[in-house]
Amino acid sequence: ENELLFFENDSDVEFFNCTTYYFINYLYPLLDVNLDPNYCSQGVKSMRARIPVSDQNVFPMLELQIDALGQDVFKDATAVSIDIYNANHEKLPLDIHFRDFYRTSGGDPKGHLKRQVWIDANSWVTLTFTREELEKATVDMDNLKNIGFETIDQKDSAFGKYVEFYFDNFKIIR
């Protein structure tokens, strides 16, 4: 109930757009459907995000495109939450951005909330954002356009080619 994206349907991954701050083409995150139950918070599938490691000071971002989910999807919602798994060998930060209209080139969004969360190595976290919290940040929850998940630049060679996060159980709380 109130589940928005389970990731049980393979096409749920298509609601995410991958971008890179400063438009560095070779650092787009790679998304796919995960079937390993160790990386599912519920059900049998989740979304895996592999973010390329770089020393270029770029910030790869996954953006959930709310418009594609349908009109009034957040009407009467009191909060939104998502489960995220950090599949890396160390505690890592993830910046979460809420926008009530599209980001324009060269400028900050008018209304936004950015919250940095640190996720322990090899563990799940459920992130919940309330309507009240969003309104304090001038975000109109009824008119959300996208939710961005920005990774910091990882230079640690122990990560290999990618840092990995898993996303599951994106839901609206009413």
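Going by the working numbering, the sequence shown opens with residue 1398, and the numbers climb by one from there. Glycine is no exception: its CB is placed at the ideal position from the N, C-alpha and C atoms. The model shown is predicted, which means the values in this text are computed figures rather than measured ones.
#1: May I ask you to report which of helix, strand or coil DSSP gives ASN1406?
#2: Roughly how many angstroms separate the alpha carbons of GLY1557 and PRO1426, rounded to a whole number?
#3: Please report the distance separating the alpha-carbon of ASN1519 from that of HIS1486.
#4: Is the Cβ-Cβ distance between GLY1440 and PHE1403 less than 8 Å?
#5: Using CA atoms only, rank isn't needed, just tell me which of LEU1524, ASP1565, LYS1542 is closest to ASP1492.
#6: Is the Cβ-Cβ distance between ASN1483 and PHE1562 less than 8 Å?
#7: I'd like to check one pair, PHE1495 with LEU1531: are the Cβ atoms closer than 8 Å?
#8: Does the beta-carbon of ALA1465 have 16 or more other beta-carbons within 10 angstroms, so that it is buried, or is it exposed?
Well, looking at it:
#1: coil
#2: 14 Å
#3: 7 Å
#4: yes
#5: LEU1524
#6: yes
#7: yes
#8: exposed
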